[in-house]
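Student: Sequential numbering of the sequence shown, starting at 2, is according to this note's numbering.
Below: one structure in structure tokens.
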Amino acid sequence: MPQPTIPPARLAALAALGRIMRGEDAQFALDGQIRERKLDIRDANLASELCYGYLRHKGRLAFCLDRFLRKPGNLPPQCRTALELAGYEALFLERIPEFATRSWLTNRVRKKWGGGLAKVASAWMTWVFEQSEALLDPDFYRQDAPNERTDQRTFLSRYHSLPLWIVDLWIDGYGLDTASRLAEAQSAPAPLGLRLNPLHPRRDALVRQIEAFASELEILDPLSIACSRETARRAFPDLTEDIQNGAISRQSLEAQRILHAFGAGSWPEPVWDACAGRGGKTAYLLERAQCQVWASDPNAVRLRGLVQELRRLNLPPIPVVLARADAPSPWKEHPRTILLDAPCSGLGVLARRPDSKWKRTPRDIPPLIALQDRILQQAAASLPPGGRIIYITCTLNPAENQERIDHFLDSRHDFALTSQYATPPDSPGREFFWGAVLERTSE
């Protein structure tokens with residue numbers, strides 16, 4: 002008798018999650034499984050929804066499963082992931098029938114771990130579907146907390162699927178009310194951020210499309226917007242082609258907003274993007290101001306991506322160097338502005354990168370702080386009087402943000418803080434950036 006087949010989208014999601022939890026980048030792991038299994042667009046979209054949705058709600062699903070099981074510690078880790086993934090599907094993907102979720106889960110568990118655990122899987126599905134209303138109620142996640150403070154802390158961790166150390170960091174750094182808003186923000190997908198290329202022939206046509214859908218878009222300026230993916234499909238029916246031909250780029254609106262707040266495009270030149278990565282901020286500068294930009298990064302793969310990105314956008318080639326930002330400047334001349342999109346813990350972009358909250362640990366923070374300090378000091382050594390450092394992170398951690406600038410200014414009295422910015426906690430973009438502008442005032 003032939004074995005029941007497991008739908009390819011679920012197999013791809015399970016395989017990708019295994020690789021992600023072993024440290025692989027989420028999108029890289031997912032794309033690899035989609036290619037390897039030759040998924041069609043429908044299955045690829047479902048695999049992506051399952052993978053990212055599970056990572057977003059992993060903590061909540063684990064709490065529910067522990068409530069259901071008599072001995073949670075006896076479940077093999079991969080079996081637990083399968084049960085939690087099916088739990089996500091049952092609770093959050095209403096369009097998928099109950100029988101379909103139950104079928105793939107029990108077949109998968111029976112094939113991998115035998116009939117005994119398949120019965121557990123079937124019972125888990127019965128419990129989840131019967132208790133679905135309660136499992137979606139926030140009060141379910143307030144059980145057994147010994148006091149009011151612990152109740153709030155525990156609730157935020159359980160319901161919003163955050164490790165306790167992140168909850169504690171946010172409560173200590175920003176207070177309970179703001180921590181609650183930040184926790185809620187990261188528990189749903191970030192909107193799609195788009196940046197129009199003002200140098201592209203399609204610019205005017207795309208601006209008209211934005212004007213036609215203005216009520217459904219968040220608009221920073223005529224070239225920078227954010228919207229849901231459903232709105233993007235209607236507002237930009239040729240989005241894939243427009244991205245391929247360089248008319249549009251994907252870039253977080255909040256990342257664009259902080260550059261806008263700091264007056265990018267009017268900075269003294271040359272501008273050195275010293276942590277350039279794949280070139281999102283470099284391209285923003287070149288599109289908006291056609292200014293003199295240099296770029297460097299310690300990762301050769303990312304730099305190749307930057308060069309390809311400039312080609313896609315039909316932007317002129319710029320000086321690009323493989324270099325660490327915490328080492329002496331690789332340039333013979335002095336830049337006038339140094340953009341530091343600093344390496345950080347990334348706790349401000351969990352809505353887009355939910356795997357990060359399960360990979361980061363408190364032990365990661367001290368080395369990052371030390372690196373940020375070294376980068377700031379090397380940037381300072383490269384600037385003439387009147388030059389600027391633009392320091393930006395995508396994290397929610399005062400120790401990597403304001404405290405780093407305070408520490409820097411304590412040691413460098415020839416610099417002054419001229420501006421700073423933080424994404425408001427109620428931002429609809431669900432992503433949070435922090436930045437400061439430092440100017441060298443004397444020799």
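Even glycine gets a Cβ: it sits at the ideal position worked out from N, Cα and C.
1) CA-CA distance, Gln-210 and Ala-233?
2) What residues are listed by DSSP as bridge partners for Val-121?
3) Can Leu-118 be considered in contact with the ligand GTP, in the sense that its beta carbon sits closer than 7 Å to one or more heavy atoms?
4) Could you check where the alpha helix (DSSP H) with Ser-383 kicks off and where it finishes?
5) By the three-class DSSP mapping on this structure, what secondary structure does Gln-153 have?
6) Taking C-beta to C-beta, are Leu-218 and Arg-258 nearer than 8 Å?
7) When DSSP builds the beta bridges, which residues end up paired with Gln-421?
8) By Cβ distance below 6 Å, which residues in the same chain neighbour Ala-262 in space, the five residues on each side in sequence not counted?
9) Going by Cα to Cα distance, which pick from Phe-93, Phe-29, Glu-37, Asp-342 is closest to Ala-189?
10) For the alpha helix (DSSP H) that Thr-6 lies in, which residues bound it at each end?
11) By Cβ distance below 7 Å, which residues in the same chain neighbour Leu-397 in space, the five residues on each side in sequence not counted?
12) To which residues of the same chain is Gly-281 closer than 6 Å at the C-beta, ignoring the five residues directly before and after it?
13) Could you work out which residue in Cys-292, Gln-245, Asp-407, Leu-84 is closest to Leu-314 when comparing CA atoms only?
14) Mapping DSSP to helix, strand and coil, what is Ile-97?
15) Within the continuous alpha helix (DSSP H) that includes Thr-179, where are the two ends?
16) Within its chain, find whatever has a CB closer than 7 Å to the CB of Phe-130; leave out the 5 residues flanking it on each side and keep chain order.
17) Among the candidates Arg-57, Phe-69, Trp-166, Cys-276, whose CA atom is the shortest distance from the CA of Thr-362?
18) Is His-58 closer than 8 Å to His-181 when the C-beta atoms are compared?
19) What number of angstroms, rounded off, separates the C-alpha of Ala-343 from the C-alpha of Gln-373?
20) Express the C-alpha separation of Cys-65 and Ser-330 in angstroms, rounding to a whole number.
21) Roughly how many angstroms separate the alpha carbons of Cys-45 and Glu-37, rounded to a whole number?
22) For the structure I just gave you, are there three or more beta carbon pairs, one from the segment 189-201 and one from the segment 261-280, closer than 8 Å?
23) DSSP three-state call for Thr-127: helix, strand or coil?
24) For Asp-356 and Val-438, I'd like the C-alpha separation in whole angstroms.
25) Give, in chain order, every unbroken run of the alpha helix (DSSP H) that is at least 4 residues long and sits entirely within the segment 7-47.
26) For Trp-332, does the three-state DSSP call read helix, strand or coil?
27) Compute the distance between the beta-carbons of Ile-339 and Ser-297, then report whether it is under 8 Å.
28) Check each candidate in Gly-54, Arg-11, Leu-84, Pro-164 and name the one with the smallest Cα separation from Ala-352.
29) Could you pull out every residue in the same chain whose Cβ sits closer than 8 Å to the Cβ of Leu-136, ignoring the five residues on either side in sequence?
30) Which of the three DSSP states, helix, strand or coil, is assigned to Val-322?
31) Where Phe-156 and Ala-48 are concerned, what is the direct C-alpha to C-alpha distance, given to the nearest angstrom?
32) My understanding is that Arg-154 touches Asp-169, with C-beta atoms under 8 Å, so please give their C-beta distance in whole angstroms.
33) Which ranges would you report for the beta strand (DSSP E) in the segment 212-248 if only whole runs of at least 3 residues count?
34) In chain order, what residues of the same chain lie with their CB nearer than 7 Å to the CB of Leu-40, ignoring the 5 residues before and after it?
35) Rounded to whole angstroms, what is the Cα-Cα separation between Gly-387 and Ile-226?
36) Fully enclosed by the segment 40-88, which alpha helix (DSSP H) runs are 4 residues long or longer?
Tutor: Based on what the coordinates show:
1) The sequence position of residue 210 within the sequence shown is 209, counting from 1. The sequence position of residue 233 within the sequence shown is 232, counting from 1. Between Gln-210 and Ala-233, the C-alpha separation is close to 10 Å.
2) In the sequence shown, counting from the first residue as 1, residue 121 sits at position 120. Paired residues: none, contrary to the question.
3) Only the bare structure without any ligand can be found here, which leaves the ligand GTP out of the picture.
4) As a first step, residue 383 must be located in the sequence shown, where it is residue number 382. From DSSP, the alpha helix (DSSP H) with Ser-383 extends over 366-383.
5) Reading the sequence shown from its first residue, position 152 is the one you call residue 153. Note: Gln-153 maps to helix in three-state DSSP.
6) By one-based count along the sequence shown, residue 218 stands at place 217. By one-based count along the sequence shown, residue 258 stands at place 257. No; because the gap between Cβ atoms is not below 8 Å, this pair is not in contact.
7) Along the sequence shown, one-based indexing puts residue 421 at 420. Paired residue(s): Ala-437.
8) Locating residue 262 in the sequence shown gives position 261, where the first residue counts as 1. Result list for Ala-262: Tyr-422, in chain order.
9) One-based indexing of the sequence shown puts residue 189 at position 188. Residue Phe-93 is the option with its Cα nearest to Ala-189.
10) As a working mapping, residue 6 is identified with position 5 in the sequence shown. From DSSP, Thr-6 is part of no alpha helix (DSSP H); its letter is neither H nor E.
11) Here the question's residue 397 lines up with position 396 in the sequence shown. Cβ within range, chain order: Trp-171, Leu-183, Leu-348, Gly-349, Phe-433.
12) In the sequence shown, the residue the question calls residue 281 occupies position 280. Cβ neighbours of Gly-281 beyond the five flanking positions: Gln-252.
13) Within the sequence shown, numbered from 1, the residue matching residue 314 stands at position 313. Selected option, being the one with the closest Cα: Gln-245.
14) As a position in the sequence shown, residue 97 is number 96, starting the count at 1. Three-state DSSP puts Ile-97 in coil, outside helix and strand.
15) Mapped onto the sequence shown, residue 179 falls at position 178. Start and end: 177-187.
16) Within the sequence shown, the letter at position 129 stands for residue 130. Ala-91, Glu-99, listed in sequence order.
17) Counting from 1 along the sequence shown, the entry for residue 362 is found at position 361. Of Arg-57, Phe-69, Trp-166, Cys-276, the residue nearest in Cα terms is Trp-166.
18) Mapped onto the sequence shown, residue 181 falls at position 180. Mapped onto the sequence shown, residue 58 falls at position 57. The sequence shown places Ser at residue 181, not His. Contact flag unset, no.
19) Residue numbering aside, residue 343 sits at position 342 when the sequence shown is read from its first letter. Residue numbering aside, residue 373 sits at position 372 when the sequence shown is read from its first letter. The straight-line gap from Cα to Cα measures roughly 7 Å.
20) Within the sequence shown, the letter at position 329 stands for residue 330. Within the sequence shown, the letter at position 64 stands for residue 65. Cα to Cα, Ser-330 sits roughly 52 Å from Cys-65.
21) For the purposes of this step, residue 45 is taken as the residue at position 44 of the sequence shown. For the purposes of this step, residue 37 is taken as the residue at position 36 of the sequence shown. A small correction: the amino acid at residue 45 is Ala; Cys does not occupy that position in the sequence shown. Near 11 Å, if we compare the C-alpha coordinates of Glu-37 and Ala-45.
22) no
23) Translated into positions along the sequence shown, residue 127 becomes position 126. In the structure shown, Thr-127 sits in a helix (DSSP, three-state: H, G or I).
24) Looking up residue 356 in the sequence shown gives position 355. Looking up residue 438 in the sequence shown gives position 437. Distance between the alpha carbons of Asp-356 and Val-438: 30 Å.
25) 9-22, 27-37
26) Here residue 332 refers to the residue found at position 331 when the sequence shown is read from its first residue. If DSSP states are grouped into helix, strand and coil, Trp-332 belongs with coil.
27) Taking the sequence shown and counting its residues from 1, one reaches residue 339 at position 338. Taking the sequence shown and counting its residues from 1, one reaches residue 297 at position 296. Against a cut-off of 8 Å, the Cβ pair of Ser-297 and Ile-339 comes out as no contact.
28) As a position in the sequence shown, residue 352 is number 351, starting the count at 1. Nearest of Gly-54, Arg-11, Leu-84, Pro-164 to Ala-352, Cα basis: Gly-54.
29) For the purposes of this step, residue 136 is identified with residue 135 of the sequence shown, where counting begins at 1. For Leu-136, where only same-chain residues beyond five positions count, the Cβ hits under 8 Å are Cys-65, Leu-92, Val-129.
30) Looking up residue 322 in the sequence shown gives position 321. Reduced to three states, the DSSP call for Val-322 is strand.
31) Here residue 156 refers to the residue found at position 155 of the sequence shown. Here residue 48 refers to the residue found at position 47 of the sequence shown. Spanning the two alpha carbons is a distance of roughly 29 Å.
32) The count along the sequence shown starts at 1 and reaches residue 154 at position 153. The count along the sequence shown starts at 1 and reaches residue 169 at position 168. Contact flag correct, Cβ pair sits at about 7 Å.
33) 219-222, 225-228
34) What you label residue 40 is simply residue 39 of the sequence shown in a count that begins at 1. Cβ neighbours of Leu-40 beyond the five flanking positions: Pro-9, Ala-10, Ala-13, Ala-48.
35) Within the sequence shown, the letter at position 386 stands for residue 387. Within the sequence shown, the letter at position 225 stands for residue 226. Using only the alpha carbons, I get a separation of about 33 Å.
36) 42-69
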